[in-house]
Amino acid sequence: FLWVHMPIPLIVAARILWHIDIAFIPLIILAALVGQYVGGWLSNR
Numbered sequence: 005f006l007w008v009h010m011p012i013p014l015i016v017a018a019r020i021l022w023h024i025d026i027a028f029i030p031l032i033i034l035a036a037l038v039g040q041y042v043g044g045w046l047s048n049r
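Each residue of the sequence shown is one higher than the one before, counting from 5 in my numbering.
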């Protein structure tokens, strides 16, 4: 549960600190989801 929700505050912090445009938020969330999928796939190998 924690690993799935941990990127959310990091996304908010990155947006504030590095002035990331809101248009990139879906891309960042997609990257986090792909990372979860790949990590799960690698741990099951």
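Cβ atoms here follow ideal geometry from the backbone N, Cα and C, with glycine treated the same way.
Using only alpha-carbon positions, find the residue among the options that is nearest to residue i.
i	options	result
alanine 27	Trp7, Val38 and Ile15	Ile15
tryptophan 7	Tyr41, Ile24 and Asn48	Tyr41
Using a threshold of 9 Å, state whether the C-beta atoms of residue i and residue j are closer than that.
i	j	result
isoleucine 33	proline 11	yes
My assumption, with CB atoms under 8 Å, is that residue i sits in contact with residue j. Please give the rounded CB distance.
i	j	result
isoleucine 24	alanine 17	About 10 Å; that fails the 8 Å criterion.
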